[in-house]
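First to last, the protein sequences are chains A and B. Under my numbering, residue 228 is the last one in the first sequence; the count climbs by one each step, no gaps. Under my numbering, residue 621 is the last one in the second sequence; the count climbs by one each step, no gaps. Don't be surprised by glycine CBs; every beta carbon is placed ideally from N, CA and C. As the structure is a computational prediction, the values presented were derived from the model and not from experiment. Below you'll find the structure, written out as structure tokens, and then a few comments.
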Amino acid sequence: METMLDFLQTNWQELIFKAWEHLYISMIAVFLGIIVAVPLGIMLTRMKRSASIIIGIANIMQTLPSLAVLAFFIPFLGVGKTPAIIALFFYSVLPILRNTYTGIKGVNENLLESGRGIGMSSWERIRLVEFPLALSVIMAGIRTASVYLIGWATLASFIGGGGLGDYIFIGLNLYQTEYIIAGAVPVIIMAILVDYVFSIIERKVVPKGLKGMKEVA
Amino acid sequence: MLKIENVSKTYKGGKKAVKNISLDIKKGEFICFIGPSGCGKTTTMKMINRLIEPSEGKILINGENIMDKDPVELRRQIGYVIQQIGLFPHMTILENITLVPKLLKWNEQKKKERALELLQLVDMGPEYLERYPYELSGGQQQRIGVLRALASNPPLILMDEPFGALDPITRDALQEEFKNLQRTLDKTIVFVTHDMDEAIKLADRIVILKAGEIVQVGTPDEILRNPANEFVEEFIGKDRLLQTRPNVELVEQIMSRNPISITEEKSLTDAITIMREKRVDSLLVVDEQNVLKGFVDVETISEYRKKAKFISEVINTEVYSVKQDTLIRDSVQKILKRGFKYVPVVDQNNHLVGIVTRATLVDIVYDSIWGEEENQVAEVVEMF
Numbered sequence: 012m013e014t015m016l017d018f019l020q021t022n023w024q025e026l027i028f029k030a031w032e033h034l035y036i037s038m039i040a041v042f043l044g045i046i047v048a049v050p051l052g053i054m055l056t057r058m059k060r061s062a063s064i065i066i067g068i069a070n071i072m073q074t075l076p077s078l079a080v081l082a083f084f085i086p087f088l089g090v091g092k093t094p095a096i097i098a099l100f101f102y103s104v105l106p107i108l109r110n111t112y113t114g115i116k117g118v119n120e121n122l123l124e125s126g127r128g129i130g131m132s133s134w135e136r137i138r139l140v141e142f143p144l145a146l147s148v149i150m151a152g153i154r155t156a157s158v159y160l161i162g163w164a165t166l167a168s169f170i171g172g173g174g175l176g177d178y179i180f181i182g183l184n185l186y187q188t189e190y191i192i193a194g195a196v197p198v199i200i201m202a203i204l205v206d207y208v209f210s211i212i213e214r215k216v217v218p219k220g221l222k223g224m225k226e227v228a
Numbered sequence: 238m239l240k241i242e243n244v245s246k247t248y249k250g251g252k253k254a255v256k257n258i259s260l261d262i263k264k265g266e267f268i269c270f271i272g273p274s275g276c277g278k279t280t281t282m283k284m285i286n287r288l289i290e291p292s293e294g295k296i297l298i299n300g301e302n303i304m305d306k307d308p309v310e311l312r313r314q315i316g317y318v319i320q321q322i323g324l325f326p327h328m329t330i331l332e333n334i335t336l337v338p339k340l341l342k343w344n345e346q347k348k349k350e351r352a353l354e355l356l357q358l359v360d361m362g363p364e365y366l367e368r369y370p371y372e373l374s375g376g377q378q379q380r381i382g383v384l385r386a387l388a389s390n391p392p393l394i395l396m397d398e399p400f401g402a403l404d405p406i407t408r409d410a411l412q413e414e415f416k417n418l419q420r421t422l423d424k425t426i427v428f429v430t431h432d433m434d435e436a437i438k439l440a441d442r443i444v445i446l447k448a449g450e451i452v453q454v455g456t457p458d459e460i461l462r463n464p465a466n467e468f469v470e471e472f473i474g475k476d477r478l479l480q481t482r483p484n485v486e487l488v489e490q491i492m493s494r495n496p497i498s499i500t501e502e503k504s505l506t507d508a509i510t511i512m513r514e515k516r517v518d519s520l521l522v523v524d525e526q527n528v529l530k531g532f533v534d535v536e537t538i539s540e541y542r543k544k545a546k547f548i549s550e551v552i553n554t555e556v557y558s559v560k561q562d563t564l565i566r567d568s569v570q571k572i573l574k575r576g577f578k579y580v581p582v583v584d585q586n587n588h589l590v591g592i593v594t595r596a597t598l599v600d601i602v603y604d605s606i607w608g609e610e611e612n613q614v615a616e617v618v619e620m621f
């Protein structure tokens, strides 16, 4: 316990920096995931045949060992933050893509017909009907992706991406428990906090009328 | 205003849903498409706003071929109401009603004014604007569904079994409300239903379809009196045919012309005296001009006789009346379905002119049973 306090006293500034780095890497990857996966998911709902193929590919990508993916990018992108972010981005795509797809698919047919019947263009249907109604499912996907990525971002340190993974690896190599704890505990706390923050965002953005419906049901 | 010319719809694989239908619909007309499921009624309706594209033939709205228009633009000019209500759960009532105006880019002020104006049409107050669909009853939701179709004031409205999912009493009330609304707003309406009662009640003309073809087109009366063939007869149902008797049509022909009424400023004692004299348990309340105001019944009088002195204090204004030119079957239905003991009859200006009671119904039923049998007896007698 005392060694832990000593460690914090000498390293707290560095610890905060590493935590920030960690958060930065994972959130940029999630952000890129949202930008790619949400529109792609919506597009997939318009293409019946390609949808299952593309989601299949995303599924396979998810099963690749993360360490292997990180190593795979070294010859192309070198080491550092960029390859780490890109590798993590691949892992954020699937949960967001899958949830966007199922969320939009799950929108009641009658509402779509109603929208078409009163003269909404395809884009207006997405913007005014499908997207708002699927938003809670999409947000759940984003939350899952964020929590995953914060965990996986520890591996970024392996290719020089920095973050709290640095402490864990140092701790493992030197057999210094306080380093491992100083790396692992903040990751856990960060994952919980991010999940909480996203749940607040979710509550803010999901349309009010839908919340009431759930309470009634 | 709406002209359907030799329109057919053939789906991929050669299934013919609609075969060579032609129909001319006048402005302000209420048309019901009716038929068993799969008869092509919904397909025909959806071709009018191009939710389904016709394979052959032409559809003209005010002389313009709908195929020359952009489908999205076209649909914004045509109101549309579907069976499952189709209100958007994530939008407030205000947003739902003003969706088409929003697509047409009206400003906020104009949209809100329009929404308030529309809510008034169905006796709903401004407090509903900010509510969400789940907070409303089924009947209220469908009223909003109808208002949404009216929002941009389109001359033509398509309705696909809009009242089908409601309970019978709400449906009955909404049909009535809607028919009145249609008369005042002078909209052309194409209405799909499989409920003959509904079609008879609402339609100016009924189009009966079977297997993608028109079997008969006519006013409800023409169809009831001269069904084109056995299919139509079957579809109408024997009991409805019985109800249409050639000589008696309008309520004013069968109503009793001396409804027992009282004016508002009379006292409760006066009321009970009249009730006793005339052997009735409720009185219709009118003003000096004989305009129907409500009713009082014996229960109310006995409950309030110590607290209230005048009729005006205890009057129950929720009285259900029919116009004197209503068809008999409508008022009969109202009495039977809703379990009223009587229905007051009023003229166009709400002056009390008569009353239809359950006893009146007994007369009609008596006539329709014994009237026929007497004739038969006469025939039998002649034979001997």
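Residue state for T597(B) is assigned as helix, using DSSP reduced to three classes.
Apart from the 5 residues on each side of it in sequence, G52(A) sits with its Cβ closer than 6 Å to the Cβ of L108, T111, Y112 in its chain, given in chain order. Taking the Cβ atoms as the reference, V49(A) lies roughly 11 Å from I137(A), outside the contact range of under 8 Å.
Leaving aside the five residues that flank M512(B) on each side, the residues in its chain whose CB is nearer than 7 Å to its CB run, in chain order, D518, L520, V535. Using a 10 angstroms sphere on the CB of S274(B), the tally of other CB atoms stays under 16, which defines it as exposed. Contact check for L505(B) against A440(B) fails: the beta carbons are separated by 8 Å or more.
Cβ-Cβ distances below 6 Å link M328(B) to nothing in the same chain once the five nearest sequence neighbours on each side are left out. Considering only S133(A), G173(A), V217(A), the residue with the shortest C-alpha distance to T56(A) is S133(A). D17(A) carries a helical assignment under DSSP once its states are collapsed to helix, strand and coil. In this structure, DSSP gives V569(B) a helical state, which the three-state scheme calls helix.
As summarised for the region 134-198 of chain A, the continuous alpha helix (DSSP H) elements at least 4 residues long and confined to that stretch are 142-163, 176-185, given in chain order. Distance from the Cα of G272(B) is smallest, within the candidate group I565(B), I330(B), K447(B), for K447(B).
Apart from sequence neighbours up to five positions away, the residues of its chain that approach S103(A) with a beta-carbon distance below 6 Å are A40, V41, G44, A156, L160, ordered along the chain. Straight through space, the alpha carbons of D567(B) and T537(B) are spaced by roughly 29 Å.
At a cut-off of 8 Å between beta-carbon atoms, T329(B) makes contact with chain A. Every beta strand (DSSP E) stretch that sits fully inside the region 505-529 of chain B and reaches 3 residues is listed by chain position as 519-523. R312(B) has a beta carbon lying within less than 8 Å of a beta carbon in chain A. In chain B, no part has a C-beta under 8 Å from the C-beta of K59(A); the shortest such distance is about 15 Å. The contact set of R138(A) on chain B, defined by CB atoms closer than 7 Å, is empty, because the minimum CB distance reaches about 11 Å. If you compare the alpha carbons of V569(B), V488(B), L573(B) with that of K560(B), the shortest gap goes to V488(B).
For G91(A), no chain B residue has a Cβ inside 9 Å of its Cβ, as the nearest lies near 43 Å away. Contact of Y369(B) with chain A is assigned, a C-beta pair being separated by under 8 Å. The shortest CA-to-CA distance from V454(B) to any of E242(B), E332(B), I268(B), R408(B) is the one to I268(B).
For a Cβ distance threshold of 9 Å, nothing in chain B lies close to R214(A): the least Cβ distance comes to about 14 Å. In this structure, the beta-carbon distance from V556(B) to F532(B) falls below 8 Å.
When DSSP reads this structure, F532(B) sits in a beta bridge with L521(B), N553(B). Non-local C-beta neighbours of V427(B) in its own chain, meaning closer than 6 Å and more than five positions away in sequence, comprise I268, M282, L395, ordered along the chain. With respect to Y365(B), I330(B) sits close: the two C-beta atoms are nearer than 8 Å. In the DSSP assignment, K253(B) forms a beta bridge with T247(B).
The beta carbon of N257(B) lies closer than 6 Å to those of N243, S245 in the same chain, with the five residues before and after it left out. Shown here, L239(B) sits in a strand according to DSSP, grouped into three states. For N286(B), at least one C-beta of chain A is nearer than 8 Å to its own C-beta. Between the C-alpha atoms of M131(A) and L340(B) there is a straight-line separation of about 7 Å. When C-alpha distances from S389(B) are compared across N344(B), D423(B), I381(B), P338(B), the shortest belongs to P338(B). Apart from the 5 residues on each side of it in sequence, K263(B) sits with its Cβ closer than 7 Å to the Cβ of M238 in its chain, given in chain order.
For G455(B), no alpha helix (DSSP H) encloses it; the enclosing beta strand (DSSP E) starts and ends at 450-455.
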